[in-house]
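K.L.:
Residue numbers (our numbering): 94 to 199.
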């Protein structure tokens, strides 16, 4: 299994289908998507449909309490905890840590 992760903010149907489709066609079999908008209700369904079309898997991690709980388990959380509300780069660093943790558990 070969995986990839990305953080996106309301990518929209066309962009999400293109991004996932490209990576699944080129050999990735699993995508971990960090959706940086807790109110994005459209993207999870689109991502799951694209993955199913390609016989691939997608894990959705949406910004909110469950993801923040995962951040707290990371050694790097203390360094970035004061920045996560306003700094998307801090969230990207923490999300990458969560992705590595998830990959190790798969």
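Note that the Cβ used here is the ideal one computed from N, Cα and C, for glycine as well.
Give the DSSP-derived three-state secondary structure of residue 198 in the structure shown.
P.N.:
Start at 1 with the first residue of the chain shown, and residue 198 comes out as number 105. Of the three classes helix, strand and coil, the one that applies to residue 198 here is helix, per DSSP.
K.L.:
Which runs of the alpha helix (DSSP H) spanning at least 4 residues fall entirely within the segment 163 to 191, listed in chain order?
P.N.:
170 to 173
K.L.:
Can you tell me which of 155, 149, 169 and 170 puts its alpha carbon nearest to the alpha carbon of residue 100?
P.N.:
Taking the chain shown and counting its residues from 1, the one referred to as residue 100 is at position 7. Ranking 155, 149, 169 and 170 by Cα distance to residue 100 puts 155 first.
K.L.:
In angstroms with no decimal places, state the Cα-to-Cα distance between residue 84 and residue 137.
P.N.:
Residue 84 is absent from the model: the chain starts at 94 and stops at 199.
K.L.:
Under the DSSP definition of a beta bridge, which residues are partnered with residue 123?
P.N.:
Residue numbering aside, residue 123 sits at position 30 when the chain shown is read from its first letter. The partner list for residue 123 (beta bridge, DSSP) reads 96 and 150.
K.L.:
In the DSSP assignment, find the unbroken alpha helix (DSSP H) run with residue 110 in it and report its ends.
P.N.:
Counting from one through the chain shown, the residue named residue 110 turns up at place 17. Per DSSP, residue 110 belongs to the alpha helix (DSSP H) from 106 to 118.
K.L.:
What's the gap between the Cα of residue 173 and the Cα of residue 184?
P.N.:
As a first step, residue 173 is located in the chain shown; it is residue number 80 there, counting from the start. As a first step, residue 184 is located in the chain shown; it is residue number 91 there, counting from the start. Going from the Cα of residue 173 to the Cα of residue 184 covers about 8 Å.
K.L.:
CB-CB under 6 Å to residue 164, same chain, minus the five flanking residues each way: which ones, in chain order?
P.N.:
Here the question's residue 164 lines up with position 71 in the chain shown. If the five residues before and after residue 164 are omitted, its C-beta is found closer than 6 Å to the C-beta atoms of 170 and 187, all from its own chain and listed in chain order.
K.L.:
Look at residue 111 and residue 151 and say whether their C-beta atoms are less than 9 Å apart.
P.N.:
As a position in the chain shown, residue 111 is number 18, starting the count at 1. As a position in the chain shown, residue 151 is number 58, starting the count at 1. It is not a contact, given that the beta carbons lie outside the stated cut-off.
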